[in-house]
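Comments concern the structure below.
Protein chains: 2
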Amino acid sequence: MPRPLKASPERILAAAAAEFAARGYAGARVDRIARRARVNKAMLYYHFSSKQGLYRALLRGTFLEFAGVLAGLAASGEPPAGKLDAAVRAMVAFVDGHAYFPSIMLREVAEGGTHLDAETLDALAAVPRAFAALVATGREAGVFRPVHPLAAYFTTVAPILMYIASTPVRARLSSRGLQPALSTEAFIGDLQHSLRLAFAAPAPAPRSPR
Amino acid sequence: MPRPLKASPERILAAAAAEFAARGYAGARVDRIARRARVNKAMLYYHFSSKQGLYRALLRGTFLEFAGVLAGLAASGEPPAGKLDAAVRAMVAFVDGHAYFPSIMLREVAEGGTHLDAETLDALAAVPRAFAALVATGREAGVFRPVHPLAAYFTTVAPILMYIASTPVRARLSSRGLQPALSTEAFIGDLQHSLRLAFAAPAPAPRSPR
DNA sequence: GTCTATACTTCGATAGAC
DNA sequence: GTCTATCGAAGTATAGAC
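Keeping their order, the protein sequence lines are chains R and E. Each residue of the first sequence is one higher than the one before, starting from -8 at the first, in the working numbering. Each residue of the second sequence is one higher than the one before, starting from -8 at the first, in the working numbering.
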């Protein structure tokens, strides 16, 4: 294996992820990305042709990977309530390996998808679609109430993204005594509990009470 | 009233809100803000001294206003479950008058609060604090289960912010047939329903069943 | 308070040698 | 595939007259 670490394109993508997450598309500097990736700017443009091309390549790959994880869960044999818990866990786990994901997702939503082309939009759409498939199995099994799949998606994903992405702000607020602390484990537990209750089909009324 | 419309500082704030929401802090252009506000750049700097100063002034005011709305709800005499519904409605209504709010909030979270000074952080912290007060009244009344107030805050606010801010992306996805439509009314109804179930204290087991 | 004109800086992108 | 050097555009901010 003569290749020392990672090849240039991968190193560039990793550096771009950190930079875009921390500063946003407009705030990101191509020079900084190149420096972090230990390549020069010309190399970066050689592989990705523009700042925009680099951004889209990064997001397309990330969206598809994330959607793949959710699709795997939806197709698993577990009972639906367990799939929901697993989805929450899986999203948090995904973020462990892709620390830049929440920030970039939040930013792109806020930006209205301005920087995305058709191909990247397709990849983005795969994420809620995979989650909807998961919810559908619960509805078909009669254990979830009839929530709109997209409403369920936002109710599940948005708190996770915002909680994780807000870690630095929450740390600042906590250290200044402006906000109580909340550990990831406690948050995940609370959220899983909330979602189970939120989506559960109402217990059927007993046939003859009393 | 000789003054034609709004005074310069207010027009500048309004223009800044639109620009920062659409493009983010780094993407926002002082020239564009000045042009939209129908003042020149020098005027803008005269009133707000810097791009950063303008941004902070805008956010501080918005955070305090939003926190004020929630604090008013928490202090109302309504039953807690009704306060929760009202909080969801109030957040959506707030956004109607402050269309820029969701994008800016999402962006600032993603950015880690980098652009905020102590004073603006104080204003930001007032928002979850007001919501926690609302949740506390429900817990004290015994009708909410013991969720962490901050977890409840994220579970409530994040879906609303993301749903609203994602309107442009969702429109693009819907029009390309990549995603089902979801009206604001349907979303709000689903979310209110979900949150009522999610936070409700479990019904006490009947003393002597059968 | 309001304007025009401009100084100074930084950024995305490329040319061209190796 | 990799580098150095650099160009032109665009950005924040200010000077100075009114």
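Built from N, CA and C at the ideal position, the CB exists for glycine as well.
Item                                                                                                              : Value
Short CB-CB distance (under 7 Å) between H139 (chain R) and chain E                                               : yes
Cβ of Q183 (chain E) within 7 Å of any chain R Cβ                                                                 : no
Whole-angstrom C-beta distance between A(-2) (chain E) and A62 (chain E), which should lie under 8 Å              : No, A62 (chain E) and A(-2) (chain E) are not in contact; Cβ-Cβ is about 28 Å, not under 8 Å.
Contact set for A9 (chain R): own chain, Cβ-Cβ below 7 Å, skip 5 residues either direction                        : R27, Y91
Chain R residues whose Cβ lies nearer than 7 Å to that of A156 (chain E)                                          : V100, A101
Anticipated Cβ contact below 8 Å, L112 (chain E) with G104 (chain E), distance rounded                            : 6 Å
Partners in chain R for D76 (chain E), counting only beta-carbon separations shorter than 7 Å                     : The premise fails here: D76 (chain E) is roughly 14 Å from chain R at the closest Cβ pair, so nothing lies under 7 Å.
For A191 (chain R), three-class secondary structure by DSSP                                                       : strand
Residue-level contact to chain R via CB, T146 (chain E), 7 Å cutoff                                               : yes
Contacts of G104 (chain R) in chain E (Cβ-Cβ under 8 Å)                                                           : P159, V160, R163
P(-7) (chain R) (DSSP reduced to helix, strand or coil)                                                           : Reliability fails at P(-7) (chain R), whose pLDDT of 41 lies under 50, so the model's placement of it is uncertain and no value is given.
In DSSP terms, what P39 (chain E) is bridged to                                                                   : Correcting the residue type first, residue 39 (chain E) is Phe in the shown sequence and not Pro. Note: F39 (chain E) sits in no beta bridge, so no partner.
CB contact below 7 Å: A189 (chain E) versus chain R                                                               : yes
Proximal chain E residues relative to D113 (chain R), where beta-carbon distance stays under 8 Å                  : L169
Supposed contact pair I3 (chain R) and V30 (chain R) - C-beta distance, whole angstroms, cut 8 Å                  : 6 Å
Option nearest V138 (chain E) by Cα separation, candidates R:S67, R:A109, R:L182                                  : R:L182
Residues sharing a beta bridge with F135 (chain R), DSSP                                                          : R:A191
Minimum Cβ-Cβ distance from M209 (chain E) to chain R less than 7 Å                                               : For chain E, the structure presents residues -8 to 201; residue 209 (chain E) sits outside this window and is missing.
Same chain, Cβ closer than 8 Å to F190 (chain R), five either side skipped, listed in chain order                 : L75, V126, G129, F135, R136, V138, A143
Cβ contact check for the region 50 to 61 of chain R and the region 30 to 41 of chain R: 3 or more pairs under 8 Å : no
DSSP-derived helix/strand/coil call for I3 (chain E)                                                              : helix
Cβ-Cβ distance between A116 (chain E) and L164 (chain R) below 7 Å                                                : yes
Below-7 Å beta-carbon distance, P195 (chain E) vs any chain R residue                                             : no
Uninterrupted alpha helix (DSSP H) stretches inside the region 76 to 133 of chain R (no shorter than 4 residues)  : 92 to 101, 109 to 131
Cutoff 8 Å; reference A81 (chain E); Cβ partners in own chain excluding five residues on either side              : V60, L61, L64
Contact with chain E by S34 (chain R), beta-carbon distance below 7 Å                                             : Rather than Ser, the amino acid found at residue 34 (chain R) in this sequence is Met. With 7 Å as the cut-off, M34 (chain R) does not count as an interface residue toward chain E.
Spatially closest choice to R167 (chain R) from E:E110, E:A156, E:A6, by CA coordinates                           : E:E110
Minimum C-alpha distance to A132 (chain E) - residue among E:A192, E:E1, E:I24, E:A13                             : E:A192
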